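Residue numbers (our numbering): 2 to 437. Quick reminder that beta carbons are idealized off the backbone N, C-alpha and C, glycines included. This structure is a prediction, so every number in the text was calculated from the model and none was measured. Report on the following structure.
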């Protein structure tokens with residue numbers, strides 16, 4: 002006779018309730034009563050719905066990535082063609098300079114030789130004339146006169162030929178630059194194509210245990226951030242010494258270096274290869290920031306002015322005169338904020354170019370915009386700060402180090418404040434990170 006075994010709902014039993022089980026779940030390996038079974042089925046229905054949404058999200062993300070890499074290919078092709086164009090223009094200029102030099106020296110050498118030919122033709126005509134008159138000399142001149150005349154003719158001819166034989170022979174030759182010839186040995190490729198791997202930014206709905214998990218992009222903590230040297234700058238000979246006050250990466254991957262001492266704004270490719278000098282300023286530039294499209298803003302501290310510059314066209318369409326020194330500069334594309342160091346700061350509306358003086362931000366040096374707030378470093382108080390764009394203070398942090406503030410920037414929703422010590426007896430730097 003079969004025995005009847007009563008099974009209890011595992012979920013209810015864990016809560017101290019004895020309800021008879023009606024279902025055994027082979028996936029979870031637990032018993033369910035009717036109420037818990039309904040809830041369990043609802044959970045699986047939700048899991049299926051989440052899985053469908055996750056697949057839709059992933060497919061949309063992958064299609065977007067395909068569009069992105071297609072755009073990246075177009076930009077890479079344009080960059081390769083642009084570099085080829087620069088090389089062609091540069092080589093064409095070198096070739097034309099060499100051809101011009103060849104034409105000049107050939108013309109000079111040919112002119113000298115043409116003059117020499119004329120002189121020789123003149124002397125030959127004189128000899129011909131004397132030969133034609135030689136018969137008359139033998140008829141009417143005495144032997145002494147003939148001797149003296151012939152000796153004079155022979156003497157002049159001998160001297161002329163001696164000068165001709167002793168003269169240096171000049172020839173044209175060309176020496177192609179060894180640096181240019183070495184391109185066949187030293188340059189093995191036009192560049193490299195790399196596939197850079199980063200954490201996925203696609204966010205998937207979190208599932209329950211044993212279901213699809215929430216894919217969270219891995220962001221390195223501050224303790225895992227370690228600097229590694231990737232490459233070094235490639236500079237022309239006349240730019241070996243740069244006094245770098247600011248470095249700015251543009252949206253197209255190129256970047257700008259601000260040389261304070263030589264008053265240059267210099268453009269580099271994303272692979273650290275020098276492209277060109279954008280401009281040389283009359284005053285010393287202090288800071289640079291990206292504004293929008295091809296426009297950057299450059300401050301000139303003691304000229305009391307900030308320049309809006311088109312880096313593609315090498316033009317300065319706007320010069321803003323201010324009532325204070327121009328130290329740090331930052332922008333969100335709509336607003337420009339210019340700090341005055343130990344003086345006040347100014348906010349500029351880029352739509353109508355109206356100015357608003359920010360007296361509450363007196364003393365702020367390097368600054369940066371983030372989500373409508375202004376973050377900065379005080380020039381002489383060893384203090385970090387945060388203001389609303391209306392100059393309302395949000396917080397300050399008093400540091401203990403006696404370091405000179407240098408730069409502010411953001412990385413993955415973290416604010417980085419960089420300072421350095423420049424006294425002769427001790428040199429060093431310190432970086433502070435804030436989670437925002």
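- In the structure shown, the three-state DSSP call for residue 242 is coil.
- Using a Cβ distance threshold of 8 Å, residue 300 and residue 330 count as a contacting pair.
- Residue 392 has its alpha-carbon roughly 15 Å from the corresponding atom of residue 385.
- If you draw a straight line from the Cα of residue 280 to the Cα of residue 248, it is about 15 Å long.
- Residue pairing from DSSP places residue 336 in a beta bridge opposite 350.
- In this structure, the CA atom of residue 238 is about 46 Å from the CA atom of residue 64.
- In the three-state reduction of the DSSP assignment, residue 361 falls in the helix class, which pools H, G and I.
- Using a Cβ distance threshold of 8 Å, residue 361 and residue 394 count as a contacting pair.
- Between the alpha carbons of residue 307 and residue 293 lies a distance of about 16 Å.
- Taking each of 400, 359, 37, 125 in turn and checking the Cα distance to residue 389, the smallest one comes out for 359.
- Scanning 346, 66, 376, 92 for the CA closest to the CA of residue 202 turns up 66.
- Residues 272, 273 of the same chain have their beta carbon placed closer than 8 Å to that of residue 232, with the five preceding and five following residues left out of the count.
- Spanning the alpha carbons of residue 266 and residue 318 requires a straight line of approximately 16 Å.
- Buried is the label assigned to residue 344, since at least 16 other Cβ atoms lie within 10 Å of its Cβ.
- Close CB contacts of residue 302 within its chain, under the 7 Å cut and outside five residues either way in sequence, are with 285, 287, 326, 327, 328 (chain order).
- The Cβ-Cβ distance between residue 234 and residue 246 does not fall below 8 Å.
- The C-beta distance from residue 18 to residue 37 rounds to 10 Å, too long to fall under 8 Å, and the pair is not in contact.
- Runs of the beta strand (DSSP E) lying entirely within the stretch 14 to 88 and spanning at least 3 residues, in chain order: 24 to 26, 31 to 33.
- The Cβ-Cβ distance between residue 256 and residue 269 falls below 8 Å.
- When only Cα atoms are considered, residue 204 and residue 85 end up about 40 Å apart.
- By the neighbour-count criterion, in which 16 or more other beta carbons inside 10 Å mark a residue as buried, residue 376 falls on the buried side.
- Judged by their CB atoms, residue 340 and residue 368 are nearer to each other than the 8 Å cut-off.
- Spanning the alpha carbons of residue 400 and residue 383 requires a straight line of approximately 6 Å.
- Under DSSP, residue 288 shares a beta bridge with 300.
- Only residues of its own chain outside the window of five on either side were considered, and among them 298, 330, 331, 332 have a CB closer than 6 Å to the CB of residue 290, listed in chain order.
- 348 is the residue among 323, 342, 348 whose C-alpha sits nearest the C-alpha of residue 335.
- In this structure, residue 278 lies away from residue 295, with their beta-carbon atoms at least 8 Å apart.
- The beta carbon of residue 373 sits closer than 8 Å to the beta carbons of 333, 389, 390 from its chain, once the five residues preceding and following it are set aside; these are given in chain order.
- Between residue 191 and residue 81, the C-beta gap is smaller than 8 Å, which places the two residues in contact.
- For residue 259, the enclosing beta strand (DSSP E) begins and ends at 256 to 260.
- A Cβ-Cβ contact shorter than 8 Å links residue 9 with residue 32.
- Nearest to residue 169 by alpha-carbon distance, out of 187, 117, 158, is 117.
- As the crow flies, the alpha-carbon of residue 379 is around 10 Å from that of residue 398.
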